[in-house]
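Undergrad:
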Ligand code: CP
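Residue numbers (the numbering used here): 102 to 410.
What follows is the structure, encoded as structure tokens:
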């Protein structure tokens, strides 16, 4: 049986092409399972998983919890705002207390880049990064890859544009690593102030004009402006950002070909994307959410299988 090359999922950067192919193939199988009348399998019976969320989340938290329950795992949920973290408890103390309750796997979202890596060096459980600051969001990139493959019929040689706040986006970085490993061409597009200085060194095309990026690509992944991570103003006003980088139906309909529209969520409707685009037949936003459960089932199953072997 094929196995992953790693016992944690900390970032896409650490995965091999074979790892990604295995996760996507396993996710396709689980997608069939969750569309059957009986959607639960016993694969992770007697495995206990802790979901530790030190930062807000809707999609990722619910998707992991559902994936774990579909695999018959025992699940405990932790939100920093309702915990003893507010009384000064450290990350390691918090996690060690949870592990003392015999937890096998930890899914963690944290506002600091590197938090999942730090944890993996200090505890025995399998660690899955559910987003660490502006660093990586590996399961988002995997579900995006699966969604692109299903929409475009493949990834090799396809042109994918990532548009918006590249500087603060863990989704952008994980997508770049994942899509390049799968043979896609990647372009990033956004204001100069929201473009990291190192971005060209990642081998991506850089474009500052939205229309040119959209004309070039087969699929556009529209990112939200992460105001919560912005300590200074990166553009004059939201109105100006919308005029330069907001995707509306008029622009979409004027393109020379039909492109696929993606968004990792949460959407700021009327900012990076208008409602008529988000809800159009070119949008695969809800397919991304559906694929999220299957991809997370695949990651959990493969990491647990590796621990047993
Ligand atoms: N895409 C994503 O990570 O969404 P949440 O912040 O709601 O989990």
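We put the beta carbon where it would ideally sit given N, CA and C, even for glycine.
(1) Please classify residue 282: is it buried, with 16 or more other beta-carbons within 10 angstroms of its beta-carbon, or exposed?
(2) Which same chain residues end up closer than 8 Å to residue 329 when comparing Cβ atoms and leaving out the 5 residues on each side of it in sequence?
(3) In chain order, what are the residues with a CB under 5 Å from some non-hydrogen atom of ligand 1?
(4) Residue 197 lies in the alpha helix (DSSP H); which residues open and close that run?
(5) Smallest Cα separation from residue 114: which of 242, 293 and 168?
(6) Below 8 Å between beta carbons: does that hold for residue 179 and residue 153?
(7) Please classify residue 292: is it buried, with 16 or more other beta-carbons within 10 angstroms of its beta-carbon, or exposed?
(8) Can you tell which of 127, 198 and 209 has the C-alpha that lies nearest to the C-alpha of residue 157?
(9) So, is residue 238 buried or exposed, given that buried needs 16 or more other C-beta atoms within 10 angstroms?
(10) From residue 321 to residue 162, what does the alpha carbon distance come to, in whole angstroms?
(11) Using 8 Å as the cut-off, can you tell me whether the segment 224-240 makes contact with the segment 256-264, which would need three or more C-beta pairs spanning the two stretches below that distance?
(12) With DSSP collapsed to three states, give me the class of residue 348.
(13) Using only the alpha-carbon positions, how far apart do residue 136 and residue 246 sit?
(14) Below 6 Å CB to CB, which residues in the same chain sit around residue 349 once its five sequence neighbours on both sides are set aside?
(15) Can you confirm whether the segment 169-188 touches the segment 343-363 when touching is taken to mean that 3 or more C-beta pairs between the two stretches lie within less than 8 Å?
(16) For residue 154, report the span of its beta strand (DSSP E) as first-last.
(17) Quick test of your reading: residue 305 and residue 288, contact by CB under 8 Å. State the CB separation rounded to the nearest angstrom.
(18) What span of residues does the beta strand (DSSP E) with residue 361 cover, start to end?
(19) Just reading off the alpha helix (DSSP H) that residue 271 is part of, what are its end residues?
(20) On the criterion of 16 or more Cβ atoms from any shown chain inside 10 Å, does residue 365 qualify as buried, or is it exposed?
(21) Less than 6 Å between C-beta atoms, sequence neighbours within five positions excluded: which residues of the same chain meet that for residue 257?
(22) Below 6 Å CB to CB, which residues in the same chain sit around residue 233 once its five sequence neighbours on both sides are set aside?
(23) Taking its Cβ as the centre, do 16 or more other Cβ atoms sit within 10 Å of residue 389, making it buried, or is it exposed?
(24) Could you check if residue 112 is buried or exposed, using at least 16 other CB atoms within 10 Å of its CB as the buried criterion?
(25) Thinking just about the alpha-carbon of each residue, which of 316, 150, 276 and 127 is nearest to the one in residue 200?
(26) Find out if the Cβ-Cβ distance for the pair residue 142, residue 148 is shorter than 8 Å.
(27) Who are the near neighbours of residue 205 in its chain, counting only those whose CB is closer than 8 Å to its CB and skipping five residues on each side?
(28) Under three-state DSSP, which class holds residue 177?
TA: Quick answer:
(1) buried
(2) none
(3) 158, 159, 160, 161, 365 and 366
(4) 192-200
(5) Distances from the alpha-carbon of residue 114 to those of 242, 293 and 168 put 242 closest.
(6) Going by C-beta atoms, residue 179 is nearer than 8 Å to residue 153.
(7) Buried is the call here.
(8) 209
(9) buried
(10) 25 Å
(11) Between the segment 224-240 and the segment 256-264, the count of Cβ pairs shorter than 8 Å is below three; the stretches do not touch.
(12) strand
(13) 20 Å
(14) 375
(15) The segment 343-363, when compared against the segment 169-188, does not touch it at the 8 Å Cβ threshold.
(16) 149-154
(17) 6 Å
(18) 361-363
(19) Counting along the chain, the alpha helix (DSSP H) containing residue 271 begins and ends at 271-282.
(20) buried
(21) 284
(22) 211, 214, 216 and 217
(23) buried
(24) buried
(25) 150
(26) At a Cβ-Cβ threshold of 8 Å, residue 142 and residue 148 do not count as neighbours.
(27) 148, 149, 150, 226, 227, 405 and 408
(28) strand
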